Amino acid sequence: MAEATLPHGRPEVYEPSLFGTYSKKIGMWLFLLSDSLTFGALLYSYSYGRISIANWPTPFHSESIVNATIMTAFLLTSSLTMVLAVRAAVHGDAKAQRLWLLATMACGTGFVVLHGREWSHLIATGLTLPVFPAMPGHATTGEFADVAKNVPQFPATFFGLTGMHMLHVTLGVVYLGVVALRRNFIPILLLCWLGAWLGTPSYSPFHYGAHVLLIAAIICSVILWLKPKVYDAADVEVAGLYWHFVDLVWMFIFPLVYLMSARII
Amino acid sequence: MEAFQQIIAEQVAERHRHHAKAQFFWVWGALLVMTAIEVYLTYQNLKPVRMLTILMGLSIVKAALIIGFFMHLKYEVSRMKWLTMSSLVICLVLMSIFFFPDAFRILYLGVK
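Protein chains in written order, with my numbering: chain G, -4 to 260; chain S, 61 to 172.
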């Protein structure tokens, strides 16, 4: 047992933490461990298809590799800005903390936009899933129309894995937005939802995927209404753990999915 | 947050206050350099198995840097480090037990 002085000055005895840190952080680590198994299973299923199917497609031209490399740079930079936000938070510099969090969100948004562009390009060239709405004039004639027909495991595992990661990045941006801006973030989130919903054509998967932002806005509103608070350094650190995990997962998706299926001529 | 949780959080924050800003920039630079190496290798048309081995090796180093420095696991107590990492590795090894026998069989059969 250790003794410490509580903030109100009354000496108390408390049980030291088994892991030397606070409960919220341990909770986030446990969540991340469970989530890493989700991604582990998805990566294994992709890899299994990659080695077991002889005519596995290699659809990523140089342009796609450059795009994915820029996306990777965005995520790595966002991890740097996130760790600087945590540093500013523990030093009590609220302004710097907010600015670094906003910079992290900007990098995350850039990643999602580039990823969305990559998906749209692949879908336009015929690489699609049966659940996606048909794209007028392209689906049957595109470069990868045969791939979707002959090796359906590729689009299934590709869109499953990268879609799950994109969802995590999107929710990460929302999470950081709530920590940085609290209630002020809700109208911004609703505007983003409207922009994404109305700005994408009806055959795009993002037209319906945008509703994730609406659901997130509703959930965040309920949380902020039920438990309004000023997020402290511990909250920023826990949010940072989640964000770094998203970056970490991409460090495996990028080489396994993109670099191992590159078509460099 | 309960009072004793606040005390622990303050102790953790105190540890973080001593982290030099420069080390984060070094880690970020190292991660970018390793990414550049990966992309360079893609343009070298290496054999798939060799390429996969190098890429996974680099990815594991990158993951270790992110977990250690950005996620601050390097600065946690050893009990935390061992419990989190060993449980993760054990679970991934269990997945591999199902994955690798078939993977090796396919590789030895010559399917590329």
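Glycine included, every Cβ here is placed at the ideal spot set by N, Cα and C. Fair warning: this is a prediction, and the values are worked out from it, not measured in the lab.
Checklist entry - Since residue 81 of chain S is in the alpha helix (DSSP H), which residue starts that stretch and which ends it? => result 81 to 102
Next on the checklist: Taking 7 angstroms as the limit between beta carbons, can you name the residues of its chain near residue 76 of chain G, skipping five residues before and five after?
Outcome noted: 95, 98, 99, 102
Next on the checklist: Less than 8 angstroms between CB atoms is the rule here; does residue 261 of chain G satisfy it with respect to chain S?
Outcome noted: Here chain G comprises residues numbered -4 to 260, so residue 261 of chain G is not present and cannot be evaluated.
Checklist entry - How about residue 257 of chain G and residue 60 of chain G: do their beta carbons lie closer than 8 angstroms? => result yes
Checklist entry - Can you pull the DSSP bridge partners for residue 55 of chain G? => result G:257
Item to check | Cβ contact (3+ pairs, closer than 8 angstroms) linking the region 222 to 238 of chain G and the region 37 to 53 of chain G | outcome: no
Checklist entry - Does the count of Cβ pairs from the region 27 to 42 of chain G and the region 150 to 162 of chain G closer than 8 angstroms reach three? => result yes
Next on the checklist: Against chain G, with Cβ distances strictly below 8 angstroms, would residue 106 of chain S count as a contact?
Outcome noted: no
Checklist entry - Of the residues G:200, G:106, G:26, which one's Cα is nearest the Cα of residue 119 of chain G? => result G:200
Next on the checklist: Between the alpha carbons of residue 172 of chain S and residue 152 of chain G, how many angstroms are there, rounded?
Outcome noted: Note that residue 172 of chain S scores 48 on pLDDT, short of 50, meaning its location in the model is unreliable and no value can be drawn from it.
Checklist entry - Within 8 angstroms (strictly less), CB to CB, does residue 88 of chain S reach chain C? => result No chain C is present in this structure, whose protein chains are G and S.
Next on the checklist: Between residue 134 of chain S and chain G, is the shortest Cβ-Cβ distance under 8 angstroms, so that the two count as touching?
Outcome noted: no
Checklist entry - For the alpha helix (DSSP H) that residue 113 of chain S lies in, which residues bound it at each end? => result 108 to 125
Checklist entry - Would you say residue 101 of chain G reaches chain S, if we count a Cβ-Cβ gap shorter than 8 angstroms as a contact? => result no
Checklist entry - Mind checking if residue 137 of chain S is an interface residue toward chain G, Cβ cutoff 8 angstroms exclusive? => result yes
Item to check | Secondary structure of residue 49 of chain G, DSSP reduced to three states | outcome: coil
Checklist entry - Grouping DSSP H, G and I as helix and E and B as strand, with all else coil, what is residue 159 of chain S? => result helix
Checklist entry - Taking Cβ to Cβ, would you say residue 26 of chain G is nearer than 8 angstroms to residue 69 of chain G? => result no
Item to check | Residue interval of the alpha helix (DSSP H) (run including residue 104 of chain G) | outcome: 89 to 119
Item to check | Near-chain S residues of the region 35 to 52 of chain G - C-beta to any C-beta below 7 angstroms | outcome: 35, 36, 39, 43, 46, 47, 49
Checklist entry - residue 73 of chain S touches chain G at which residues, Cβ-Cβ below 7 angstroms? => result 85, 228
Next on the checklist: Using C-beta distances below 7 angstroms, list every residue in its chain close to residue 141 of chain S, excluding the 5 sequence neighbours before and after it, in chain order.
Outcome noted: 133
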